[in-house]
Structure formats: C-alpha cells, structure tokens
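Asker: Below: one structure in structure tokens.
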Amino acid sequence: MSEIANCLALILSALFAAAAALNLSAPGFVRRVYQRWTFPRGFHYVAGLAQVLTALFLSVPETHIWGGVLGVIVLFVTIVSLLNHRKYLFAFPAILVLIALAPAMA
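Under my numbering, residues 41 to 146 are what the sequence shown spells out, in order.
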C-alpha cells in the first residue's frame, strides 16, 4: 500500500507543479481570470507559491502529510472559488484531486 501512496503522491506532486508553473508564469488569460474574479493584483504569485510548496512536500515521503494538508487547503479555496463563480464543470476535477489526496497522505 505504501508504494501506491508514494506513486499517487508523485502524480499529484506533478499536477501541483504544473499548476504552479501556470500561475507563476501568469499568461494573460490567468491574469484576466484573477482580475475578473476580483482577486488582488499579484494573487497568482500567492497561489503559485502555495502550489509549489504542496508539490515539494508531496514529492518527499517524509512530508506527505504536510503536502496533503496544504493541498487540501489550496484545493478547498479553489473549489469554493469555482463554485462561487458557477464554474461547476471546472470544480469537478478539483474535487476528484481533493479526494485523491487522502490516500496520498498515507
């Protein structure tokens, strides 16, 4: 079971790293979404940093629990924001990733 949890944690780490790269590079469409949803200017850096830390913590077996906790916080805020802006189809994959974090923290 431990190997499955490690493999799942590495996959989730890669997903968080990809999301972090997107937020930190902040192409125009990302900035426009944050602006349209009235997030403060530069908030994409905060989101990207939280995602980088989550990816780093999930990639090290000794810190899976911390990566999972931070990942739950990041995903909870993401899901609430998506549901608040009626982006239900976009919230569904985030909910699935949130569910996948539980076994990855083992």
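The C-beta atom is built at its ideal place from N, Cα and C for all residues, glycine as well. These numbers were taken from a predicted model, which means no experiment stands behind them.
Our contact map puts His84 next to Met145 with C-beta atoms below 8 angstroms; I'd like the distance itself, whole angstroms only.
Answerer: Working through the sequence shown from its first residue, we reach residue 84 at position 44. Working through the sequence shown from its first residue, we reach residue 145 at position 105. Actually they do not touch by this definition, with Cβ atoms about 26 angstroms apart.
Asker: Can you find the residues in the same chain that come closer than 6 angstroms, C-beta to C-beta, to Gly88, ignoring five residues on each side of it along the sequence?
Answerer: Here residue 88 is taken as the residue at index 48 of the sequence shown, counted from 1. Answer for Gly88: Ala60, Asn63 and Leu64, listed in chain order.
Asker: Taking 9 angstroms as the threshold (C-beta atoms), are Val92 and Thr56 in contact?
Answerer: For the purposes of this step, residue 56 is identified with residue 16 of the sequence shown, where counting begins at 1. For the purposes of this step, residue 92 is identified with residue 52 of the sequence shown, where counting begins at 1. Note on identity: in this sequence residue 56 is Phe, with Thr being the wrong assignment. Closer than 9 angstroms, so yes.
Asker: Whose C-beta lies closer than 6 angstroms to the C-beta of Val73 among residues of the same chain, with five residues either side of it excluded?
Answerer: In the sequence shown, residue 73 corresponds to position 33, counting from 1. Around Val73: no qualifying Cβ.
Asker: What residue ranges within the stretch 95 to 140 form continuous alpha helix (DSSP H) runs of no fewer than 4 residues, ordered along the chain?
Answerer: 104 to 124
Asker: What is the rounded straight-line gap between the Cα of Val86 and the Cα of Thr78?
Answerer: Position 46 of the sequence shown, counting from 1, holds the residue named residue 86. Position 38 of the sequence shown, counting from 1, holds the residue named residue 78. Their Cα atoms are separated by approximately 15 angstroms.
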